[in-house]
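Reminder that position 373 of the sequence shown reads as 373 in the UniProt record's numbering, one-by-one numbering, no gaps.
The beta carbon of each residue, even a glycine, is placed where N, CA and C say it ideally should be.
Note that the coordinates shown come from a computational prediction; the quantities given were computed from them, not determined experimentally.
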Amino acid sequence: MTGCGCQFAQTSGVVWSPDDIDKPTPSRPNAVTSIHRADILEHIEATIKQLDGELRALSLDIHSHPELKFEEHYAHDTLTAFMEKHGFQVTKHYHLETAWLAAFEHGKGGRTIGVNSEMDALPGVGHACGHNLIAISGVGVALAIKAVLEKFGIAGKIILLGTPAEEGGSGKLVLLEKGAYKDMSACLMCHPAPGPIGSVSLSSCLALQRITVEYTGHTAHAALSPWEGKNALDAAVLGYNNISALRQQLRPTHRVHGIFEGKDWVPNIIPDYAKMICYVRAPTLAELKVTVERVLPCFKAAALATGCEVKFSSMSSTFDLRQNKALGNEVANIISAKYGSVDFEWGISSASTDFGNITYALPSLHPGFAIPTVKDGGNHTPAFTKAAATIEAHSACLDITKALAATGVRVLTDDNFFSEVKKTFEEDVKARGAV
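If you want it as structure tokens, here you go:
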């Protein structure tokens, strides 16, 4: 998940299974109800079964060609060719060089369902966050909904976005700002993570602010005349230690972490430049803003102590996930009735993603789905890269794909359901307050 150097929760958490449906909580559906339009879900299942081999090959192809943020050229070309082959109108290089859009419309006057496919990998470890699976899930959701629209004569439009640079580049923010999501009635995607096998999670995630801190000092001979220098590395180290001291007063749910970078450093020259890249995370955007205001003085104090100049720059924040309650309840009902169990605790709760911003902008859903992993082999590790290519991970990916496709169809066909989707979104907007 997001290029925020994310770490995923690997605890099993408390699993909500169909056996627990008589013990509802405010965030969970009261019970497994009958499937809305079981005939439609059956057609989705048949479509995904027919596509299984193609989707598996596509996943492994992307997995074997890992590309970093904003460099997903192979994935761009491979996925757009696949969607063109399956009857979608494709716009290549959509607002960004490696972003793309695939659209299909049946009839006139229907609503528009949005879907996201991520594509990027991580430095050194390849697809260690399973974006090859996210890519094929988006494709599978789009193709399954297309098949339903055609078979049942339903009016509606599908927009599948290929979204680059989730890992550290916040590509969705750029697409959002450029209007790529403006026509969508709702947007869907999913993400793999360690968790109870056979389960889906509807947890939130952490809001994230990336901060770059640059210290500028003055060089000097470190032995002959150190008093002539102003040590930028010392400033960075002090800033780091100030953060370590602050952590004792931060809530356990908050995170602050970072690294040093420099240039032309040698032991006998006092460094005149040092950079610290820092990530601040909190459960909500509102909490994040408060925490950032506590972090910045740590860096300013380090500059004051060393006599260095300090400069701050930051990227746009990525927000916490606001899982739409109506969409989440529908997915939970389908998963519990047909494919496994649903949980509200593990998933991506300690990670961050640029899809969080999408959930603030329109009704959206981003469930996590569990894939088999080894001990200490969670996201962003070589072991997870291997896990993302297993047949077990592929099968889990297809199950959540079916549930998302059925939920997307219901957005297009059920006016009462869509009214509930909009209502729960508006309620959440009021609950979270201004951003």
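Item, Value
"Distance CB(residue 405)-CB(residue 141) smaller than 8 Å", "yes"
"Alpha carbon of residue 154 to alpha carbon of residue 148, nearest angstrom", "8 Å"
"Limits of the unbroken beta strand (DSSP E) element including residue 311", "309 to 314"
"Residue 24 - DSSP class collapsed to helix/strand/coil", "Low per-residue confidence applies at residue 24: pLDDT is 36, beneath 50, and the placement is therefore not dependable enough to give any value."
"Reduced DSSP category for residue 104 - H, G, I as helix; E, B as strand; rest coil", "strand"
"Inside the UniProt domain \"Peptidase M20 dimerisation\" (212 to 296) only - beta strand (DSSP E) runs reaching at least 3 residues", "255 to 261, 273 to 282"
"Test item: CB-CB of residue 325 and residue 424 under 8 Å", "yes"
"Short Cβ contact (8 Å threshold) for residue 410 with residue 359", "no"
"Minimum length 3: unbroken beta strand (DSSP E) runs contained in the region 33 to 115", "89 to 92, 100 to 106"
"Exposed unless 16 or more other CB atoms sit within 10 angstroms - verdict on residue 188", "buried"
"Between the CA atoms of residue 246 and residue 114 - distance to the nearest angstrom", "41 Å"
"Touching by the beta-carbon criterion (3+ pairs, under 8 Å), the region 169 to 180 and the region 285 to 295", "no"
"Residue 407 - containing alpha helix (DSSP H), residue span", "391 to 413"
"Residue 105 versus residue 95: straight-line alpha-carbon distance, rounded", "21 Å"
"Nearest candidate by alpha-carbon position, reference residue 55, set 86, 184, 41", "86"
"Sequence-distant residues of the same chain with beta carbon closer than 6 Å to residue 280, five excluded per side", "209, 256, 291, 292, 295"
"Continuous beta strand (DSSP E) stretch holding residue 158: start and end", "156 to 163"
"Paired residues, beta bridge with residue 200 - DSSP", "342, 369"
"Opposing strand residues paired with residue 118 [DSSP bridges]", "163"
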